[in-house]
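Undergrad:
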Amino acid sequence: VTAADDGNPGEEGWWEELGDRFLGEEEDALAAVDDILADAMATVAGAYGPDRSEWESVLVALRNLLDLFVERPESARLTFIEIRQSMPESAHQRYEAGFAILTAMLERLREQGGETRSPPPPQAARAAIGGGEALIRRELVTGNATQLPAILSDLVYVATVPFLGQQEALRLARGRIDAGA
Amino acid sequence: MAGTSELPTGSDRDRVLLATAELCALVGYEEMRVEAIAERAQVSPERFDELFGGKEEATMAAVDAILTAVMEVVGSRYSADRSEVESFVLGIEGILELMAESPAFAYVSYIGARQLTPRRLKGEFDIGVQLLTALLERLWAYSTEGAQPPNAARAALGGAEAVVRREIAYGRTKGLPRLLPDFIYCAAVPFLGQKEALRLARLSQPGKASDG
Chain A
430 VTAADDGNPG
440 EEGWWEELGD
450 RFLGEEEDAL
460 AAVDDILADA
470 MATVAGAYGP
480 DRSEWESVLV
490 ALRNLLDLFV
500 ERPESARLTF
510 IEIRQSMPES
520 AHQRYEAGFA
530 ILTAMLERLR
540 EQGGETRSPP
550 PPQAARAAIG
560 GGEALIRREL
570 VTGNATQLPA
580 ILSDLVYVAT
590 VPFLGQQEAL
600 RLARGRIDAG
610 A
Chain B
42 MAGTSELPTG
52 SDRDRVLLAT
62 AELCALVGYE
72 EMRVEAIAER
82 AQVSPERFDE
92 LFGGKEEATM
102 AAVDAILTAV
112 MEVVGSRYSA
122 DRSEVESFVL
132 GIEGILELMA
142 ESPAFAYVSY
152 IGARQLTPRR
162 LKGEFDIGVQ
172 LLTALLERLW
182 AYSTEGAQPP
192 NAARAALGGA
202 EAVVRREIAY
212 GRTKGLPRLL
222 PDFIYCAAVP
232 FLGQKEALRL
242 ARLSQPGKAS
252 DG
């Protein structure tokens with residue numbers, strides 16, 4: 430029962446502009462969503478490389494996604510807040526498809542190690558993505574898009590702890606802090 | 042186990058709340074009309090006006106009802122003769138059972154409410170989120186790790202919310218209790234680590250959690 434992060438627009442002028450730009454025209458709105466998701470997917474894909482481990486790639490992808498949202502706060506708002514509140518169903522389906530891809534990428538890490546031999550339960554990846562989503566949404570709702578990099582260490586922790594356990598997740602999260610994130 | 046919750050039944054007001062939740066799930070908040078709520082609840086439009094005055098007020102009252110029920114069911118699982126962690130497992134179980142027993146209220150709180158005017162509802166949800174977050178943060182006391190990422194509890198709650206919302210959106214609300222071990226694991230692992238979270242998840246498999 431936790432929709433607390435779907436809050437108020439930070440600036441009325443921007444909100445009206447968003448309405449003019451997107452809400453009146455479904456096609457325009459869908460195009461905007463497609464544009465954001467395409468950029469996000471390209472950002473994530475670009476983080477993967479042969480010289481990085483799977484986990485390292487995930488961490489780089491998280492950092493790059495936050496940078497993308499900082500650069501384009503209006504797009505981030507549209508993606509994380511507006512779609513859920515008043516966009517057409519087709520836009521919401523695109524949004525879910527984007528998260529399904531991110532979830533699948535985390536699922537690849539299921540066998541990558543951890544404190545136990547037992548793999549985490551099936552919903553762990555979706556919950557990890559949803560947890561990060563909630564933190565990002567909270568920052569956007571309160572008009573703190575520029576502060577998103579400050580939550581990187583939290584995002585790293587919530588994304589990794591279901592798979593690697595506390596010690597390793599904390600080590601990776603501290604690494605983000607030490608790296609200046 | 043969810044029988045300790047107090048969702049509305051019986052009175053005009055209760056029927057209006059249920060009708061509001063059901064219609065919100067069926068047609069969405071924007072398409073929902075006061076006349077349709079009144080007809081479904083078998084009250085006159087005048088009686089509806091006496092009780093709520095508008096669909097936003099009725100929807101907010103429906104959200105309040107389930108927030109209250111969630112707090113009741115969680116509170117009832119905490120008791121002096123249970124460990125904190127055991128109470129935590131039972132609390133999550135209670136929330137899932139409550140949602141499964143009340144799919145319309147689950148829908149209005151997780152999905153329909155997002156379509157409302159955010160300004161009016163934010164305070165309502167903030168209270169619920171803060172209470173549940175505070176309950177989760179108590180698990181830090183049982184962690185063997187000194188460091189405590191400040192947003193772990195909010196993230197754990199958000200992650201559970203994402204999974205619940207997806208199940209509700211796909212019409213699988215009644216199956217939520219089957220996911221209890223997954224929820225237990227995801228909520229516990231940031232605080233207690235993998236081994237303990239897996240142990241609790243196994244403990245929470247059907248027929249085990251409520252035995253303790």
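Chains A and B, in that order, give the protein sequences. Take the first sequence: its position 15, counting from 1, is numbered 444 in the working numbering, and each next residue is one higher. Take the second sequence: its position 149, counting from 1, is numbered 190 in the working numbering, and each next residue is one higher. Ideal Cβ positions, reconstructed from N, Cα and C, are used throughout, including at glycine.
So the alpha helix (DSSP H) PHE509 (chain A) belongs to, where does it begin and stop?
TA: By 1-based counting over the first sequence, the position of residue 509 (chain A) is 80. Run containing PHE509 (chain A): none; DSSP gives neither H nor E here.
Undergrad: Let me confirm a value: MET470 (chain A) is counted as buried when at least 16 other C-beta atoms fall within 10 Å, else exposed. Which label applies?
TA: Within the first sequence, the letter at position 41 stands for residue 470 (chain A). Exposed, by the Cβ-count rule.
Undergrad: Specify, as a first and last residue, the run of the alpha helix (DSSP H) that TRP484 (chain A) falls within.
TA: Taking the first sequence and counting its residues from 1, the one referred to as residue 484 (chain A) is at position 55. Where TRP484 (chain A) is concerned, the enclosing alpha helix (DSSP H) stretches over 483 to 500.
Undergrad: Going along the chain, which residues of its own chain have a beta-carbon closer than 7 Å to the beta-carbon of TYR477 (chain A), five neighbours each way excluded?
TA: If you number the first sequence from 1, residue 477 (chain A) lands on position 48. Excluding residues within five positions, the ones whose Cβ falls inside 7 Å are SER486.
Undergrad: If you drop the 5 nearest sequence neighbours on each side, which residues of the same chain put their C-beta closer than 7 Å to that of ALA77 (chain B)?
TA: Position 36 of the second sequence, counting from 1, holds the residue named residue 77 (chain B). Excluding residues within five positions, the ones whose Cβ falls inside 7 Å are LEU64.
Undergrad: Using the Cα positions of GLY527 (chain A) and GLN246 (chain B), report the straight-line distance between them to the nearest angstrom.
TA: Numbered from its first residue, the first sequence carries residue 527 (chain A) at position 98. Numbered from its first residue, the second sequence carries residue 246 (chain B) at position 205. Using only the alpha carbons, I get a separation of about 31 Å.
Undergrad: What ranges does the alpha helix (DSSP H) occupy inside the stretch 43 to 122 of chain B, keeping only unbroken runs of at least 4 residues that lie completely in it?
TA: As far as the stretch 43 to 122 of chain B is concerned, its whole alpha helix (DSSP H) runs of at least 4 residues are 53 to 68, 75 to 82, 86 to 92 and 96 to 118.
Undergrad: 8 Å is my cut-off, CB to CB: does GLU98 (chain B) come that close to chain A?
TA: For the purposes of this step, residue 98 (chain B) is taken as residue 57 along the second sequence, with counting starting at 1. It does not; no Cβ of chain A falls within 8 Å.
Undergrad: By how many angstroms is the C-alpha of GLN522 (chain A) removed from the C-alpha of VAL590 (chain A)?
TA: Here residue 590 (chain A) corresponds to residue number 161 of the first sequence, with the count starting at 1. Here residue 522 (chain A) corresponds to residue number 93 of the first sequence, with the count starting at 1. Their Cα atoms are separated by approximately 28 Å.
Undergrad: If you measure between the beta carbons of GLN552 (chain A) and GLY234 (chain B), is that distance less than 8 Å?
TA: Residue numbering aside, residue 552 (chain A) sits at position 123 when the first sequence is read from its first letter. Residue numbering aside, residue 234 (chain B) sits at position 193 when the second sequence is read from its first letter. Their beta carbons are not under 8 Å apart, which means GLN552 (chain A) does not touch GLY234 (chain B) by this criterion.
Undergrad: Can you confirm whether the stretch 167 to 175 of chain B touches the stretch 209 to 216 of chain B when touching is taken to mean that 3 or more C-beta pairs between the two stretches lie within less than 8 Å?
TA: Touching, no, given that fewer than three Cβ pairs across the two stretches are closer than 8 Å.
Undergrad: Which same chain residues end up closer than 7 Å to GLY51 (chain B) when comparing Cβ atoms and leaving out the 5 residues on each side of it in sequence?
TA: Looking up residue 51 (chain B) in the second sequence gives position 10. Correct list: empty, nothing qualifies.
Undergrad: Is there at least one Cβ from chain A nearer than 8 Å to TYR119 (chain B)'s Cβ?
TA: The residue you call residue 119 (chain B) lines up with position 78 of the second sequence. With 8 Å as the cut-off, TYR119 (chain B) does not count as an interface residue toward chain A.
Undergrad: Please report how far the alpha carbon of ALA141 (chain B) lies from the alpha carbon of TYR151 (chain B), in whole angstroms.
TA: Counting from 1 along the second sequence, the entry for residue 141 (chain B) is found at position 100. Counting from 1 along the second sequence, the entry for residue 151 (chain B) is found at position 110. When rounded, the distance between both Cα atoms is 13 Å.
Undergrad: Could you list the residues in the stretch 172 to 194 of chain B with a C-beta less than 8 Å from some C-beta on chain A, going in chain order?
TA: Cβ contacts with chain A come from LEU173, SER184, THR185, GLU186, ALA188, PRO190, PRO191, ASN192 and ALA193.
Undergrad: In whole angstroms, give me the CA-to-CA distance for ALA554 (chain A) and GLU80 (chain B).
TA: Here residue 554 (chain A) corresponds to residue number 125 of the first sequence, with the count starting at 1. Here residue 80 (chain B) corresponds to residue number 39 of the second sequence, with the count starting at 1. Rounded to the nearest angstrom, the two C-alpha atoms are 43 Å apart.
Undergrad: So does the stretch 530 to 549 of chain A actually touch the stretch 570 to 577 of chain A, counting three or more Cβ pairs closer than 8 Å?
TA: Segments in contact, no.
Undergrad: Compute the Euclidean distance between the alpha carbons of VAL104 (chain B) and PHE146 (chain B), then round it to the nearest angstrom.
TA: Taking the second sequence and counting its residues from 1, one reaches residue 104 (chain B) at position 63. Taking the second sequence and counting its residues from 1, one reaches residue 146 (chain B) at position 105. Distance between the alpha carbons of VAL104 (chain B) and PHE146 (chain B) is about 7 Å.
Undergrad: Taking a contact to mean a Cβ-Cβ separation below 8 Å, would you say PRO191 (chain B) touches ASP464 (chain A) in this structure?
TA: Residue numbering aside, residue 191 (chain B) sits at position 150 when the second sequence is read from its first letter. Residue numbering aside, residue 464 (chain A) sits at position 35 when the first sequence is read from its first letter. Their beta carbons are not under 8 Å apart, which means PRO191 (chain B) does not touch ASP464 (chain A) by this criterion.
Undergrad: Can you tell me the Cβ-Cβ gap for PHE509 (chain A) and ARG566 (chain A), rounded? I've got them flagged as a contact below 8 Å.
TA: Numbered from its first residue, the first sequence carries residue 509 (chain A) at position 80. Numbered from its first residue, the first sequence carries residue 566 (chain A) at position 137. Between ARG566 (chain A) and PHE509 (chain A) the Cβ distance is about 5 Å, and since that is below 8 Å, they are a contact.
Undergrad: Helix, strand or coil for GLY200 (chain B) per DSSP?
TA: Here residue 200 (chain B) refers to the residue found at position 159 when the second sequence is read from its first residue. Helix at GLY200 (chain B).
Undergrad: Under the three-state reduction of DSSP, which class applies to GLU597 (chain A): helix, strand or coil?
TA: Within the first sequence, numbered from 1, the residue matching residue 597 (chain A) stands at position 168. Residue state, collapsed to three classes: helix.
Undergrad: Let me see if you follow: with CB-CB separation under 8 Å, is TYR524 (chain A) close to chain B or not?
TA: Here residue 524 (chain A) corresponds to residue number 95 of the first sequence, with the count starting at 1. No, because no Cβ of chain B sits closer than 8 Å to the Cβ of TYR524 (chain A).
Undergrad: Of the choices B:PRO222, B:VAL149, B:ALA60 and B:ALA196, whose alpha-carbon is the least far from that of ALA82 (chain B)?
TA: As a working mapping, residue 82 (chain B) is identified with position 41 in the second sequence. It is B:ALA60 whose Cα lies nearest to the Cα of ALA82 (chain B).
Undergrad: Mind checking GLY561 (chain A): buried by the 16 CB within 10 Å criterion, or exposed?
TA: Locating residue 561 (chain A) in the first sequence gives position 132, counting from the first residue. By the neighbour-count rule (16 or more Cβ atoms within 10 Å), GLY561 (chain A) is buried.
Undergrad: Listing by chain order, which chain A residues have their CB less than 9 Å from the CB of PRO231 (chain B)?
TA: Residue mapping note: residue 231 (chain B) aligns to position 190 of the second sequence, counting from 1. Here the neighbours are GLY560, TYR586, VAL587, VAL590, PRO591, GLN595 and ALA598.
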